[in-house]
Structures are given as structure tokens and as C-alpha cells.
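Novice:
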Amino acid sequence: MAKQRNSKPGKRRDKKLGGGGRRKPCPFCKDKIVDIDYKDTTTLQRFVSERGKIRTRRITGCCRKHQRDVAIAVKRSRELSLLPYVVETVRETRAGRAERSGGGGGGDRGGDRGERQPAAAAAGADAGESKE
26 MAKQRNSKPG KRRDKKLGGG GRRKPCPFCK DKIVDIDYKD TTTLQRFVSE
76 RGKIRTRRIT GCCRKHQRDV AIAVKRSREL SLLPYVVETV RETRAGRAER
126 SGGGGGGDRG GDRGERQPAA AAAGADAGES KE
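Here it is in C-alpha cells:
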């Protein structure tokens with residue numbers, strides 16, 4: 026005869042896991058702020074990371090409605106150049122010189138190719154050299 030189990034499999038929770046804590050209140054609901062102004066960059070910068078990314082609800086503590094309003098206000102103020110899209114940071118490299126990161130450049134992939142010329146100008150220059 027098979028042994029019967031008292032507990033259902035998979036229902037046990039690990040005691041080390043936290044969770045179940047109380048969510049921090051929305052800063053806009055707490056202060057009873059209805060509209061989020063896109064021109065108020067000091068308030069909006071609290072909801073943007075150092076790299077320029079919009080922080081999540083879990084980090085900011087906003088409710089769903091106000092997080093959506095914050096995202097719209099940040100995007101609107103970026104479009105009007107009140108907030109930057111990407112923050113350019115300066116960091117030290119191993120050689121000791123400052124290197125700029127951010128901005129989406131290609132870095133030094135591909136190496137130095139020198140000056141590039143349009144195909145028509147390059148063909149004209151080659152034809153001029155062969156006549157001599």
C-alpha cells in the first residue's frame with residue numbers, strides 16, 4: 026500500500042524569502058497632487074536615473090496612474106530639451122585618460138580608417154592620377 030502525504034507538493038514556501046511587506050505610498054497621492062507638470066524638472070529628476078532612464082514603479086513607489094503621468098511628463102520635457110535623453114558621464118580608463126561614455130557612439134570598433142571620401146570623388150581622384 027502507498028504512503029499518504031499530509032502536505033500538498035509545491036505548496037511549501039522558503040522561510041528565507043522576504044516579501045509581503047507594505048508598499049510605500051505614492052508621493053503624489055500622499056501630497057494630493059493631481060497634475061504632474063512637465064516643466065517641473067526638479068520633481069521629474071527624482072523619477073529618472075543617473076543614466077537618464079525612467080525609474081520603475083517598484084523603485085519610485087508611485088501608483089499606476091501617477092507613474093503613467095510621470096512617464097508622459099518626462100518624455101514631453103525631453104522632447105522640449107528640459108531633460109536630457111541620455112546623460113553623458115565621464116569615467117577613468119586604465120590608461121588614466123578620461124573616456125566619454127553614453128551618447129550611443131560606436132566606440133573604437135573597426136579601428137581608424139582615415140578620412141572617407143564619396144565614391145564619385147574617389148573615382149575622379151583615381152582617374153586623375155592614372156593620366157599622368
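Numbers 26 to 157, taken from my numbering, label the letters of the sequence shown in order. Cβ coordinates follow ideal geometry from the N, Cα and C atoms, glycine included. As the structure is a computational prediction, the values presented were derived from the model and not from experiment.
1) Using DSSP with H/G/I as helix, E/B as strand and the rest coil, what is Thr118?
2) So, under 8 angstroms CB-CB, Arg83 and Val73 are touching, yes? Tell me the CB distance rounded to an integer number of Å.
3) Residues in the same chain with beta-carbon distance under 8 angstroms from Val112, minus the five sequence neighbours each way, listed in chain order, please.
4) Return the first residue and the last residue of the alpha helix (DSSP H) that Pro52 is part of.
5) For Arg89 and Arg116, what's the separation of their Cα atoms in angstroms?
6) Judging by CA-CA distance, which residue of Thr66, Asp94 and Arg119 is the nearest neighbour of Leu108?
7) Suppose the cutoff is 6 angstroms on Cβ atoms and the five residues either side in sequence are ignored; what does the same chain contact list for Arg71 look like?
8) Pull up the DSSP beta-bridge partners for Val73, would you.
9) Do you know how far the Cα of Cys54 is from the Cα of Gln29?
10) Do you know offhand how far Pro52's Cα is from Ser106's?
11) Which same chain residues, not among the five before or five after Glu157, have their C-beta less than 7 angstroms away from its C-beta?
12) Mind checking which residues open and close the alpha helix (DSSP H) that includes Ile97?
Specialist: Reading it off the structure:
1) To locate residue 118, count along the sequence shown from 1; it is residue 93. Note: Thr118 maps to coil in three-state DSSP.
2) Residue 83 sits at position 58 when you count from the first residue of the sequence shown. Residue 73 sits at position 48 when you count from the first residue of the sequence shown. Here Arg83 is actually not in contact with Val73; their C-beta atoms are around 15 angstroms apart, not less than 8 angstroms.
3) Indexing the sequence shown from 1 puts residue 112 at position 87. So the qualifying residues of the chain are Glu75, Arg76, Gly77 and Gly127.
4) Counting from one through the sequence shown, the residue named residue 52 turns up at place 27. Looking at the DSSP string, the run of the alpha helix (DSSP H) that includes Pro52 is Pro52 to Lys55.
5) The count along the sequence shown starts at 1 and reaches residue 89 at position 64. The count along the sequence shown starts at 1 and reaches residue 116 at position 91. Arg89 and Arg116: Cα-Cα distance of roughly 36 angstroms.
6) Taking the sequence shown and counting its residues from 1, the one referred to as residue 108 is at position 83. Taking only the C-alpha atoms, the option nearest Leu108 is Thr66.
7) Mapped onto the sequence shown, residue 71 falls at position 46. Answer for Arg71: no residue qualifies.
8) Within the sequence shown, the letter at position 48 stands for residue 73. Answer is Ile79, bridged to Val73.
9) Along the sequence shown, read from residue 1 onward, the residue named residue 29 stands at position 4. Along the sequence shown, read from residue 1 onward, the residue named residue 54 stands at position 29. Answer to the nearest angstrom: the Cα atoms are 52 angstroms apart.
10) Along the sequence shown, one-based indexing puts residue 52 at 27. Along the sequence shown, one-based indexing puts residue 106 at 81. Cα to Cα, Pro52 sits roughly 25 angstroms from Ser106.
11) Translated into positions along the sequence shown, residue 157 becomes position 132. Note on Glu157: pLDDT 48, under 50, position unreliable in the model; no value is reported.
12) The count along the sequence shown starts at 1 and reaches residue 97 at position 72. Per DSSP, Ile97 belongs to the alpha helix (DSSP H) from Arg89 to Glu104.
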